[in-house]
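Take the sequence shown: its position 98, counted from the start at 1, is 98 in the working numbering, and no numbers get skipped.
By construction, the Cβ of each residue, glycine as well, lies at the ideal position given by its N, Cα and C atoms.
Below is one structure; the comments refer to it alone.
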Amino acid sequence: MYFTQLSAIALMAASLVAGVPTQTPSAADAKVHTVVVGSTNTSLLLFTPQEITAKPGDTVEFQFHERNHTVTQSAFDSPCQPMANAINSGFVPVAANQSMITTFTMTVNSTAPMFMYCAQGKHCQAGMVLTINASNGTQNFGTYKAAAAKAASNVPAAAMSGGVMGQIAADKATTVPLRRI
Numbered sequence: 001m002y003f004t005q006l007s008a009i010a011l012m013a014a015s016l017v018a019g020v021p022t023q024t025p026s027a028a029d030a031k032v033h034t035v036v037v038g039s040t041n042t043s044l045l046l047f048t049p050q051e052i053t054a055k056p057g058d059t060v061e062f063q064f065h066e067r068n069h070t071v072t073q074s075a076f077d078s079p080c081q082p083m084a085n086a087i088n089s090g091f092v093p094v095a096a097n098q099s100m101i102t103t104f105t106m107t108v109n110s111t112a113p114m115f116m117y118c119a120q121g122k123h124c125q126a127g128m129v130l131t132i133n134a135s136n137g138t139q140n141f142g143t144y145k146a147a148a149a150k151a152a153s154n155v156p157a158a159a160m161s162g163g164v165m166g167q168i169a170a171d172k173a174t175t176v177p178l179r180r181i
């Protein structure tokens, strides 16, 4: 028993000295949130889900479906206007019946609210908005969506930032219903 305890202590000390990474509880608890951007029904302009609650270290994987969409971050009080140096996928055109789905994955760094929109055409004004960690107070999804509907213009960001582009097989992607929900 005494030898086993000493061996365990020696191994732990050796791993610290050797710089072996240890898994932190936050990394073990990290969750992947999947958001469908658009739909196989091209008349649906939405993110599904439209509201996410995420912890620091969680990732959000945006899966782009048919048409041409963006995931662009705005300030709450400036919907449909990009924030400088913020989350932006850039335009992601997707044709029908693709075997691969383009993804944009971002890491959530804090519990501060984030407000996203699609910068294509009038998609933002049509309700293609998303909130991450929005409050239950005045800065909530419904208020942001209502303000976006009244935005005078829909402005794209200059360049991709804040995430990583990738692809997954279409048969592994999440889909949304073909009817308005």
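Just the Cα atoms here: how many angstroms apart are residue 96 and residue 39? 10 angstroms
Sequence-distant residues of its chain with Cβ nearer than 6 angstroms to residue 128 (five each side left out): 45, 46, 118
Rounded straight-line distance, which links the Cα of residue 88 to that of residue 101: 18 angstroms
Candidates 43, 29, 62, 41: closest to residue 132 by CA position: 62
Minimum Cβ-Cβ distance from residue 92 to chain D less than 9 angstroms: The displayed structure is made up of one protein chain only, and chain D is not part of it.
Length of the line joining the Cα atoms of residue 171 and residue 98: 10 angstroms
Measure how close the beta-carbons of residue 71 and residue 104 come, nearest whole angstrom, since I'm counting them as under 8 angstroms. 6 angstroms
Give the straight-line distance between the Cα atoms of residue 35 and residue 54, rounded to the nearest whole angstrom. 12 angstroms
Which residues does DSSP list as the beta-bridge partners of residue 166? 103
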